[in-house]
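Chains as they are written, first to last, in my numbering: chain A, 1 to 230; chain B, 1 to 351.
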C-alpha cells in the first residue's frame with residue numbers, strides 16, 4: 001500500500017467495537033496510518049460502543065464485530081443506523097457465512113468485511129467503505145449451493161422474530177427492566193448513569209428486537225419476558 | 001482507451017496473426033492427442049472390425065474436444081485480458097511458442113518446483129502441461145518409491161500424488177515421505193483421487209495427505225489448489241532464478257504494526273494453535289469448542305499473513321458448526337496450523 005498517501009482529514013474519528021483486543025489494535029493502526037483517521041475510539045462491547053457513539057457527535061465510521069453480546073440479531077445494528085444517520089457502519093467479522101452477510105446488509109450496514117482478508121485487503125476494503133462504497137466479500141456473488149441454505153436459523157444475525165432475552169445486551173435488558181416499571185428516558189438515564197441519547201439508541205434497538213412500535217407495547221412485552229425478580 | 005488509431009490497427013493485425021497461429025497449434029494438439037490415445041489403447045493391430053471403428057470414433061471425438069478446448073482457452077485468455085489488447089497478443093504469442101515461463105495465467109502463485117507422481121503417462125503429461133503454463137517446474141515419478149526418493153533428494157514446493165500405482169502406492173508413499181528426516185518431510189501433498197470421492201480421506205489426512213483433488217480435474221481446479229498451498233509464508237519459492245524480492249504478507253504486517261506487535265501476535269497464534277490442534281485436542285470430545293477455536297484463528301492467522309490457515313479454519317468453523325465433514329476439515333486445518341506454528345516459532349526465535 002505504499003505510495004498511497006493517508007488522506008488528509010481533520011478530526012476524523014472512527015469507532016471499533018470488538019472484544020478481541022489484538023484485532024482492535026490492528027484495525028486501529030490501519031484506520032490511523034492508512035486511512036487518515038485522527039482518532040480511533042476502541043470499545044469491547046456493543047453497549048460501550050453505543051455509549052461512545054451517543055456521547056460524541058464527530059464519529060464518522062463505526063466497525064462492529066459480530067461475536068459480541070447484542071449482535072445476535074440485526075436489530076442493534078439497525079438501531080445504530082437509525083439513530084446515527086451520518087455514521088458509516090460496517091461489520092468486521094471472522095465469519096463469511098452468506099446468511100450473516102445478507103442479514104447485516106438487510107440491517108443497513110455500509111459494508112461487511114471478513115477478518116480473513118489479511119492486512120492488505122483489509123485496508124482496501126475499509127478504504128472503499130470510507131470512500132462511500134458498499135463493501136461485501138466477493139464470495140457473496142457465488143450462487144448458494146442447495147446445501148448452503150440452512151433452515152436452522154444458523155445465521156448469527158437471525159431473524160428479529162426471535163424475541164427472547166438472549167438477543168439483548170446487558171444494557172438493553174437494564175433499560176427494558178426500568179421501562180417495564182414505567183420510567184421515562186430521563187429517569188432511566190439517571191438510574192443507569194447513561195446519557196439520554198444512549199438510552200434512546202437502546203430503546204430503538206429494543207423496539208426492533210421485540211417487534212413493537214411504542215413504549216407501552218415494549219413494556220408489555222418486557223413484562224412477559226423479564227424474570228419477575230426484576 | 002489509450003493509443004491512436006494506427007497502433008490500434010497494428011495490434012489488431014498482430015492479434016489476427018496470433019489467432020491463426022493458435023489455430024495451427026490446435027491442429028497439432030489434435031494430432032498429439034491422437035498419439036496419446038494410441039498409447040492408451042496399446043497395440044492397435046490386435047484390434048479388428050468394430051473395435052477398430054470405435055478407436056477411430058474415439059480419436060475423432062478427442063480431436064474435436066481438443067480443438068474446442070483450445071478455442072475455449074483462447075476465449076478465456078481474451079476474457080482474462082479484456083481491454084488490454086497488447087497484453088493479450090503477448091500472452092497468445094507466449095502460448096504458441098511454448099515459452100510460458102514468464103506467463104502465469106489463471107494462477108497467482110509464484111513459480112515453484114512440483115513433483116507429479118502418477119503411473120499413467122497421459123495424466124502426467126496433462127498435469128505437466130497445466131503446471132508449465134503457470135510457469136512451474138515439473139518433475140515426474142511413476143510410482144510411490146520413486147516419489148519418496150525424489151522428495152528425499154530434492155526440494156519440492158508441492159507433490160501431486162496418484163493413489164494406485166504399481167509397486168508402492170500413494171498412501172504408503174505419503175507415510176514414507178512424512179517419516180523422512182528434515183524439512184522435506186513437510187512438503188504439501190495433494191492426492192489425485194479417482195472420480196469417486198476418497199472414502200478414507202480422513203485417515204489419509206491423518207497420515208499426512210494435505211489435500212485432495214478428484215480426477216479428472218480442470219486446470220482451474222488445480223490452480224485453485226495450488227493457490228491454496230503454494231501462497232503462504234511457509235513455502236517460499238524454490239526457484240532461485242527469480243530474484244525479484246516479493247514482499248511477504250508478514251513483511252507487510254511488520255511494516256504496518258511494528259515487529260513487537262507481530263511477535264506478540266505470533267506468540268498468541270502459537271498458543272491458539274496448540275489449544276485447537278495440540279496433542280490433547282481429541283476432536284470428537286470438544287466439537288463444541290472447536291467452532292469457537294477455529295473462529296478465533298480465522299482473523300488472527302489472516303492478520304499475520306497465514307492466509308491458507310485462515311481459509312482452512314474458516315472451513316473448519318463452518319464444518320464444525322453444521323457437523324459436516326468435520327474430520328477432514330480438522331485434519332487439513334491441523335496440517336496448515338502445524339506448519340504455521342513452525343514458521344511462527346522460527347520468526348519468534350529470530351526476533
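Idealized CB from N, CA, C, for every residue including glycine.
Values in this document were obtained by computation on a predicted structure and should not be read as measured data.
Residue i burial status per 10 Å Cβ neighbour count (16 or more: buried)
i             : result
residue 184/A : exposed
residue 94/A  : buried
residue 152/A : Any reading at residue 152/A must be qualified, since the residue scores a pLDDT of 46, below 50, and its modelled position is unreliable; the value itself is stated next. It is exposed - the Cβ of residue 152/A has fewer than 16 other Cβ atoms within 10 Å.
residue 34/A  : buried
residue 17/A  : buried
residue 288/B : exposed
residue 134/A : exposed
residue 213/A : exposed
residue 412/B : For residue 412/B there is no data in the structure shown, the boundaries of chain B being 1 and 351.
residue 147/A : Low local confidence applies: a pLDDT of 48 at residue 147/A is under 50, so the model's placement there is unreliable, with the coordinate-based value given in what follows. Residue 147/A comes out exposed.
residue 115/A : buried
residue 24/B  : exposed
residue 249/B : buried
residue 332/B : buried
residue 106/A : exposed
residue 181/B : exposed
residue 16/B  : exposed
residue 357/B : There is no way to answer for residue 357/B, as the model of chain B reaches only from 1 to 351.
residue 88/A  : buried
Cβ distance (whole Å) where residue i is taken to contact residue j below 8 Å
i             : j             : result
residue 150/B : residue 139/B : 6 Å
residue 209/B : residue 174/B : 6 Å
residue 311/B : residue 228/B : 7 Å
residue 120/A : residue 252/B : 6 Å
residue 47/A  : residue 169/A : 5 Å
Coil, strand or helix - residue i by DSSP
i             : result
residue 23/A  : helix
residue 344/B : helix
residue 12/B  : helix
residue 211/B : strand
residue 192/B : strand
residue 223/A : helix
residue 93/A  : strand
residue 140/B : strand
residue 74/A  : helix
residue 352/B : In this structure chain B extends from 1 to 351, so residue 352/B is not present and cannot be described.
residue 84/A  : coil
residue 167/B : coil
residue 183/A : coil
residue 150/A : Confidence is the limiting factor: at residue 150/A the pLDDT is only 48, short of 50, which leaves the residue's position unreliable, though a coordinate-based value still follows. Looking at residue 150/A - three-state DSSP - the assignment turns out to be coil, as it is neither helix nor strand.
residue 184/B : helix
residue 320/B : helix
residue 35/A  : coil
residue 152/B : helix
residue 43/A  : strand
Test item: CB-CB of residue i and residue j under 7 Å
i             : j             : result
residue 45/A  : residue 68/A  : yes
residue 180/A : residue 188/A : no
residue 23/A  : residue 144/B : no
residue 159/B : residue 130/B : no
residue 200/B : residue 165/B : no
residue 81/A  : residue 108/A : yes
residue 161/B : residue 189/B : yes
Through-space distance from residue j to residue i, alpha-carbon basis
i             : j             : result
residue 224/A : residue 166/A : 14 Å
residue 324/B : residue 294/B : 15 Å
residue 296/B : residue 19/B  : 51 Å
residue 292/B : residue 317/B : 7 Å
residue 205/B : residue 211/B : 7 Å
residue 201/A : residue 59/A  : 15 Å
residue 268/B : residue 163/B : 38 Å
residue 142/A : residue 265/B : 33 Å
residue 125/A : residue 113/A : 7 Å
residue 245/B : residue 170/B : Caution applies to residue 245/B, whose pLDDT of 48 falls short of 50 and renders its modelled position unreliable; the model cannot decide the point.
residue 79/A  : residue 136/B : 53 Å
residue 10/B  : residue 113/B : 38 Å
residue 101/A : residue 226/B : 28 Å
residue 236/B : residue 111/B : In this prediction, residue 236/B scores a pLDDT of 39, lower than 50, which makes its location untrustworthy; the coordinate-derived value is nonetheless stated afterwards. Going from the Cα of residue 236/B to the Cα of residue 111/B covers about 10 Å.
residue 262/B : residue 90/A  : 25 Å
residue 104/A : residue 77/A  : 8 Å
residue 258/B : residue 176/A : 45 Å
residue 42/A  : residue 61/A  : 12 Å
residue 31/A  : residue 314/B : 25 Å
residue 277/B : residue 224/B : 25 Å
residue 222/B : residue 214/B : 10 Å
residue 339/B : residue 85/A  : 46 Å
Closer than 6 Å: residue i CB and nearest the ligand ADP heavy atom
i             : result
residue 217/A : Among the components modelled here there is no ligand, and therefore nothing to report on the ligand ADP.
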